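Sequential numbering from 20 applies to the first sequence in this note's numbering. The beta-carbon is built from N, C-alpha and C at its ideal position, and this holds for glycine as well. Predicted model, so just to flag it, every value in this text is computed and none were measured.
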Amino acid sequence: MRLRVRGGFEIVPVPPFDFRLTVRKPAGWDLFTSGESFADATLWTGLRQERRPIGLKLRSLGTVERPRVLVNVYAARNLAEVDEQRLRKTVSVCLGADQDLKEFYDFALKDEILRHVVKSLYGMHDTQAASLFNSVILAICLQMARLKRSNDMMEAINRRYGETIEFDGKKVMLQPDAGRIAKLDPKSFAKECNLGYRGKYIVSAAKMIESGFPAIDEIMRMPPDVAKEKLVELPGIGDYAADIINPHAGFPIDAWSVDVFGLLFFGKEPENKREAIEKVKQEGIRRWGKWSWMAFFYVAQDLQNLSRRLGVKLRLQ
DNA sequence: GCGTCCAGGTCTACC
DNA sequence: GGTAGACCTGGACGC
C-alpha cells in the first residue's frame, strides 16, 4: 500500500534524550515493527491507528540535552484534526518523551551495577509498544523457544498476515491486527507459521482483544498490579509474558535473563534455571524496587559494556 | 546419522 | 492451593 505525506508535528522530549539510543536500541529491540529502518538520525516506521496503516518518519533535529523530534505522517487519505492529535499523543507516549530520567539516574549512580549502564546509555528513554496485540504475539513467541526460532515465528506471521506500506521511498512491514488473526483456524495458523502450541493462544488472544479487551494505553494507565491481573486473563499470557507486555510493573526474568542476573547478583549462573527464576526475580525487586524494570531494561541493552566493566562474561541475547 | 535434551512459560488435570 | 506433566519445534550435543 502506497502512502502519501498527510501532515506532521514536532515532539520535544524531556532531556536527556538520545534519539538514536531510544529508537534503535543496542540490543536490537524495535520501536514499533521489525520492518522499520534507520539511517542518518532518521527512523522510518509505522503503526495502525484504528486499523488504518500509518507511515512515520521520525527525524532528530536536536541534541541529547536540547532534543527535538520532527515527525512526518504518511497515510492513504487525509487525517482529521482529532486523529492527528491522537497520533501525536500516541507517538509521544511510545517514545517515552515525557519521561524524566533524573530520579532513576540519581538512584542508579549509587548502585554498583547500574552506575556503569546509565553512563554508557545516557539519554536512552524507555519506549512503549503501540499495539497490545503485537506485544502479545511477541510475548507468546518468546516462550519455550530460542531467540532465532522466536524471530522466525514472528517473521512468518508478518510475511503471511502482515502488510507492507510504502512511503518516502521506504518499505515498512506492519504486523497484522487482531481482527485478521481472530478469524483464523488455530491449527492452520499454527502450521502455516510454525507456531506449535502457541497458535491457539494467539488466535484466542486476538478474539479477546477484538471483543473489547482494554487497549495498551488503558493497560498502561492502570495501577501495575491491576494491569498484570488483567493481562493474565489473556490466553497464553502468564507472569513472565505480562511483564514483557507491561514491563513497568515487573522484572521479566526468563531462562536467558536468569543467567545474566544470576551472575550479576550471586556471582554465578544458576545450575537449575527454572528453579532460580523466582529467586533472581525477587532479588532484583528487592535491590531495585520501583526501578526494577528500568534497571532490567538498561542492563539488557548494555551487556557488552557491563561485561567489560565488571570483569564477568554476560551471555548476550 | 540418531537419540535426547531443552529453550527468553503456560495451562490443566490431579491431588 | 500446589504441582507434575504436556505442549510444538528445532538446534545443540553426545555417542
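**Request:** Report yes if the CB atom of SER311 is closer than 8 Å to the CB atom of GLY281, and no otherwise.
**Result:** Taking the first residue of the first sequence as position 1, residue 311 is located at position 292. Taking the first residue of the first sequence as position 1, residue 281 is located at position 262. No, Cβ-Cβ distance for SER311 and GLY281 is not below 8 Å.
**Asked** Looking at C-alpha atoms only, which residue of PRO32, GLY181, GLU122 is the closest neighbour of GLY54?
**Response** Residue mapping note: residue 54 aligns to position 35 of the first sequence, counting from 1. Comparing Cα positions, the closest option is GLY181.
**Asked** The alpha helix (DSSP H) spanning ASN177 covers which residue range?
**Response** Counting from 1 along the first sequence, the entry for residue 177 is found at position 158. ASN177 -> alpha helix (DSSP H) spans 166-180.
**Reduced DSSP category for PRO45 - H, G, I as helix; E, B as strand; rest coil** = Against the first sequence, residue 45 aligns to sequence position 26. Reduced to three states, the DSSP call for PRO45 is coil.
**Item:** Opposing strand residues paired with PRO72 [DSSP bridges]
**Value:** Sequence index remark: in the first sequence, residue 72 carries index 53 (1-based). Paired residues: ARG67.
**Request:** Could you tell me whether the Cβ atoms of GLY255 and ARG217 are closer together than 8 Å?
**Result:** Reading the first sequence from its first residue, position 236 is the one you call residue 255. Reading the first sequence from its first residue, position 198 is the one you call residue 217. Yes.
**Asked** When DSSP labels each residue in this structure, what does ALA58 get in the three-state scheme?
**Response** Residue 58 sits at position 39 when you count from the first residue of the first sequence. DSSP places ALA58 in strand when its eight states are reduced to three.
**C-alpha distance - PRO195 paired with THR52, whole-angstrom precision** = For the purposes of this step, residue 195 is taken as the residue at position 176 of the first sequence. For the purposes of this step, residue 52 is taken as the residue at position 33 of the first sequence. Looking at the two C-alpha atoms, the distance is approximately 11 Å.
**Between the CA atoms of LYS44 and GLU288 - distance to the nearest angstrom** = Taking the first sequence and counting its residues from 1, the one referred to as residue 288 is at position 269. Taking the first sequence and counting its residues from 1, the one referred to as residue 44 is at position 25. Going from the Cα of GLU288 to the Cα of LYS44 covers about 25 Å.
**Request:** With DSSP collapsed to three states, give me the class of MET239.
**Result:** What you label residue 239 is simply residue 220 of the first sequence in a count that begins at 1. It is helical.
**Request:** State buried or exposed for ASN291, treating a residue as buried only when at least 16 other CB atoms are found within 10 Å of its CB.
**Result:** The count along the first sequence starts at 1 and reaches residue 291 at position 272. Classification of ASN291: exposed, given that the 10 Å Cβ count is below 16.
**Message:** Please classify LYS167 as buried or exposed, where buried requires at least 16 other C-beta atoms within 10 Å of its C-beta.
**Reply:** Counting from 1 along the first sequence, the entry for residue 167 is found at position 148. Looking at its Cβ environment, which holds fewer than 16 other Cβ atoms inside 10 Å, LYS167 is exposed.
**Message:** Helix, strand or coil, according to DSSP, for LYS287 in the structure here?
**Reply:** Residue numbering aside, residue 287 sits at position 268 when the first sequence is read from its first letter. LYS287 falls in the coil class under three-state DSSP.
**Item:** Where LYS76 falls, given that 16 or more other Cβ within 10 Å makes a residue buried
**Value:** Here residue 76 refers to the residue found at position 57 when the first sequence is read from its first residue. Burial call: buried.
**Message:** Can you look up LYS190 in the DSSP assignment and give me helix, strand or coil?
**Reply:** Against the first sequence, residue 190 aligns to sequence position 171. LYS190 falls in the strand class under three-state DSSP.
**Prompt:** Just reading off the beta strand (DSSP E) that LEU89 is part of, what are its end residues?
**Reply:** As a first step, residue 89 is located in the first sequence; it is residue number 70 there, counting from the start. Note, LEU89: beta strand (DSSP E), 88-94.
**Message:** Taking the alpha-carbon of GLY188 as reference, which of PHE28, LEU325, ARG328, TRP63 has the nearest alpha-carbon?
**Reply:** For this step, residue 188 is matched to residue 169 along the first sequence. That would be TRP63, whose Cα lies nearest to the Cα of GLY188.
**Prompt:** Which one of ARG70, GLU237, ALA319, PRO233 has the shortest CA to CA distance from PRO271?
**Reply:** Residue mapping note: residue 271 aligns to position 252 of the first sequence, counting from 1. It is ALA319 whose Cα lies nearest to the Cα of PRO271.
**Prompt:** I think VAL92 touches LEU106, with their Cβ atoms under 8 Å apart; what is that distance to the nearest whole Å?
**Reply:** Residue 92 sits at position 73 when you count from the first residue of the first sequence. Residue 106 sits at position 87 when you count from the first residue of the first sequence. The pair is a contact, with the Cβ atoms about 6 Å apart (cut-off 8 Å).
**Asked** Can you give the Cα-Cα distance for LEU335 and ALA149, rounded to whole angstroms?
**Response** If you number the first sequence from 1, residue 335 lands on position 316. If you number the first sequence from 1, residue 149 lands on position 130. Cα to Cα, the separation comes out at about 26 Å.
**Request:** Give the range of the alpha helix (DSSP H) segment to which GLU211 is assigned.
**Result:** One-based indexing of the first sequence puts residue 211 at position 192. Per DSSP, GLU211 belongs to the alpha helix (DSSP H) from 205-211.
**Selected residue, minimal CA-CA separation from LEU253, among PRO233, GLY303, LEU133** = If you number the first sequence from 1, residue 253 lands on position 234. If we check each option's Cα against that of LEU253, PRO233 comes out closest.
**Request:** Throw me the rounded Cβ distance for the PHE152 and ALA197 pair, which I believe falls under 8 Å.
**Result:** The sequence position of residue 152 within the first sequence is 133, counting from 1. The sequence position of residue 197 within the first sequence is 178, counting from 1. The Cβ separation is near 4 Å, so the contact holds.
**Request:** Give the straight-line distance between the Cα atoms of HIS267 and ALA246, rounded to the nearest whole angstrom.
**Result:** Your numbering for residue 267 matches position 248 in the first sequence. Your numbering for residue 246 matches position 227 in the first sequence. Going by the C-alpha atoms only, they are around 10 Å apart.
**Asked** What residue from TRP275, PRO205, PHE284 has the CA that sits closest to GLY215's CA?
**Response** In the first sequence, the residue the question calls residue 215 occupies position 196. When only C-alpha atoms are compared, the closest one is PRO205.
**Request:** Please list, in chain order, all residues of the same chain as LEU203 whose beta carbon is under 6 Å from its beta carbon, the five residues on each side excluded.
**Result:** Sequence index remark: in the first sequence, residue 203 carries index 184 (1-based). Correct list, in chain order: VAL222.
**Simplified DSSP state of PHE36, which is helix, strand or coil** = Position 17 of the first sequence, counted from the start, is the residue given in the question as residue 36. Three-state result, PHE36: coil.
**Request:** Over the uninterrupted alpha helix (DSSP H) stretch that includes VAL24, give me the two end residues.
**Result:** By one-based count along the first sequence, residue 24 stands at place 5. VAL24 -> not in any alpha helix (DSSP H); beta strand (DSSP E) instead, spanning 23-30.
**Prompt:** Given VAL299, which residues of its chain have a CB within under 6 Å of its CB, disregarding the five upstream and five downstream residues?
**Reply:** As a first step, residue 299 must be located in the first sequence, where it is residue number 280. Correct list, in chain order: ILE272, VAL277, PHE280, GLY281.
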